[in-house]
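To keep things clear, I will list the structure first and then write my remarks on it.
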Amino acid sequence: MLVTSILLAGVWPGIVHTFQVVPNERTLEAEFIQRNIEATRAAYGLDKVETIAFDAKTTATAGALKEDAQTAAQIRIIDPNLVSSSFKQLEQYRQYYNFVNHLDVDRYTINGKTQDTVLAVRELNQSGLGNSQSWYNNTIVYTHGYGLVAAYGNKRSADGQPVFLQSGITATGALGEYEPRIYFGERSPEYSIVGAPDGAVDRELDYPAGGTGTEDQQTMTTFQGNGGPTLDGIVKRLAYAMKFQSEQILLSDAVTDKSQILYHRSPRERVAEVAPYLTLDSDMYPAIVDGKVVWIVDGYTTSANYPYSRAESLGNAIADSSTNSSIPVGSINYIRNSVKATVDAYDGSVKLYAWDSEDPILKTWMKIFPNTVKPVSEMSGAYSATLDTRQIYSRCREES
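Per our numbering, the sequence shown starts with residue -1, numbered consecutively.
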């Protein structure tokens, strides 16, 4: 039995492959290769792609771009990968604010026209406090970032700097009024304790003095949302003091029964807590929607068990020069961009929308967790331009 198993499991397959398969590979494996190609296209959602021959013309004619004048005028000349340093120099204002190195793109309707923009959220950077760092300052006072900064994607100043359409600490510009406080973002602190009893003095720094050259003193605020558990009891305070290894949560007079503790501050982390069955994109992006700053996170359903489909490492497949962190998942051979998740930058509330309602994996999860994923028809119409922009931008990154 031992000799037979060695011959049948090791020697004989090698002989067949060497002397029968290799000389006739195209003939013998054609059926299986075709089956693999068809299954892979179906598993990655490419089986409905229509191929059209493009008759390229190498000569231009006068007025050829006339019908595309508005599109041509929106050609982006500001690179979101390179302009972050200019945002920091012109719009950071204080060392305890910061912008991410890779900015995002979006489109907004301004004066009836669609405008391409490069934008970023002004987030809190507590390491910039220097010698002013203390538990009280880091936890009670410096709790949130402030405002979104946006530049025209198709304009630059005479010296090459971006031209802003939304800027300043008091968040003025063409995008209108919105809630500018960023309690939940990519670089928010691990935890903050916010809120105060009615009538108490505001303790959270809203924005510093002289932010736009008009304020003569710093402005304070108090969080008014519902973003975390209330510390209304000794048991809760003790539990969180142990969780975050800080006795001040238990002992400080700044913590009252009206205080809330905010944690799980990253939008990607919050969506993962709500929908652990989704594989989340590593690149989240902000937008102003209905008077709020929201983070949009792409959620994917994946599998490694689709028959005959080719498996690929998802982390390696999406890696490019702008990738800050990889997706922690192994090889897959099925994927759908089935969910669009939004996270309110002020109160951290999460909403899930079924972007691909026909995905069988999402349908199954929705049976297990009913009423947690909303139909895409309930998504605000203001999201459409943002999502269209991101799909176009993602395709451009993939092609490059």
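Backbone N, C-alpha and C fix where the C-beta goes; we use that ideal spot for every residue, glycine too. Keep in mind that this is a model prediction, so the values were computed, not measured.
{"Asked": "Coarse secondary structure for residue 356, derived from DSSP in three states", "Found": "coil"}
{"Asked": "Beta carbon of residue 143 nearer than 8 Å to that of residue 127", "Found": "no"}
{"Asked": "Continuous alpha helix (DSSP H) stretch holding residue 302: start and end", "Found": "Premise fails: residue 302 is in no alpha helix (DSSP H) and is neither H nor E."}
{"Asked": "DSSP-derived helix/strand/coil call for residue 297", "Found": "strand"}
{"Asked": "Where the beta strand (DSSP E) containing residue 17 begins and where it ends", "Found": "Looking at the DSSP string, residue 17 is not in any beta strand (DSSP E), and its letter there is neither H nor E."}
{"Asked": "Whole runs of the beta strand (DSSP E) within the segment 133 to 165, excluding any shorter than 3 residues", "Found": "146 to 154, 160 to 165"}
{"Asked": "Simplified DSSP state of residue 215, which is helix, strand or coil", "Found": "coil"}
{"Asked": "The segment 149 to 161 / the segment 238 to 250 touching (three or more Cβ pairs under 8 Å)", "Found": "no"}
{"Asked": "When 223, 76, 105, 133 are compared against residue 446, the one with the closest alpha-carbon", "Found": "In the structure displayed, the chain extends from -1 to 398; residue 446 sits before or after that span and is not available."}
{"Asked": "Burial state of residue 230 (16 or more Cβ within 10 Å)", "Found": "exposed"}
{"Asked": "Option in 328, 279, 331, 347 with minimal Cα separation from residue 290", "Found": "347"}
{"Asked": "Backbone CA spacing between residue 124 and residue 54 [nearest angstrom]", "Found": "54 Å"}
{"Asked": "Spatial neighbours of residue 282 in its chain, beta-carbon cut-off 6 Å, leaving aside the 5 residues before and after", "Found": "265, 266, 293, 295"}
{"Asked": "Rounded separation between residue 240 and residue 190 - CA only", "Found": "15 Å"}
{"Asked": "Check whether residue 192 and residue 257 have beta carbons under 8 Å apart", "Found": "yes"}
{"Asked": "Any beta strand (DSSP E) of 3 or more consecutive residues that is wholly inside the segment 227 to 294", "Found": "258 to 261, 283 to 287"}
{"Asked": "Spatial neighbours of residue 338 in its chain, beta-carbon cut-off 6 Å, leaving aside the 5 residues before and after", "Found": "351, 353"}
{"Asked": "Unbroken beta strand (DSSP E) run spanning residue 404, endpoints", "Found": "Shown here, the chain extends from -1 to 398; a query on residue 404 therefore has no answer."}
{"Asked": "Length of the line joining the Cα atoms of residue 215 and residue 206", "Found": "7 Å"}
{"Asked": "Of the residues 101, 74, 72, 63, the one placed nearest residue 86, counting alpha carbons only", "Found": "101"}
{"Asked": "Residue span of the alpha helix (DSSP H) that contains residue 1, given as start and end", "Found": "0 to 4"}
{"Asked": "Nonlocal neighbours in the same chain, by C-beta distance under 7 Å from residue 223, ignoring five residues either side", "Found": "344, 345"}
{"Asked": "Cβ contact (3+ pairs, closer than 8 Å) linking the segment 72 to 89 and the segment 151 to 165", "Found": "yes"}
{"Asked": "Local Cβ density within 10 Å of residue 297, reported as buried at 16 or more and exposed below that", "Found": "buried"}
{"Asked": "For residue 90, three-class secondary structure by DSSP", "Found": "coil"}
{"Asked": "Three-state class that DSSP yields for residue 372 in the structure shown", "Found": "strand"}
{"Asked": "Straight-line Cα distance separating residue 52 from residue 7", "Found": "50 Å"}
{"Asked": "Integer Cβ distance of residue 359 from residue 299, believed to fall under 8 Å", "Found": "4 Å"}
{"Asked": "Alpha-carbon spacing of residue 172 relative to residue 164, whole angstroms", "Found": "6 Å"}
{"Asked": "Proximity of residue 181 and residue 219 at Cβ, strictly below 8 Å", "Found": "no"}
{"Asked": "Spatially closest choice to residue 185 from 318, 9, 99, by CA coordinates", "Found": "99"}
{"Asked": "Per-residue burial, residue 342 [other beta carbons within 10 Å of its own, 16 or more giving buried]", "Found": "buried"}
{"Asked": "Residues sharing a beta bridge with residue 190, DSSP", "Found": "260"}
{"Asked": "For residue 105, the first and last residue of its enclosing beta strand (DSSP E)", "Found": "102 to 108"}
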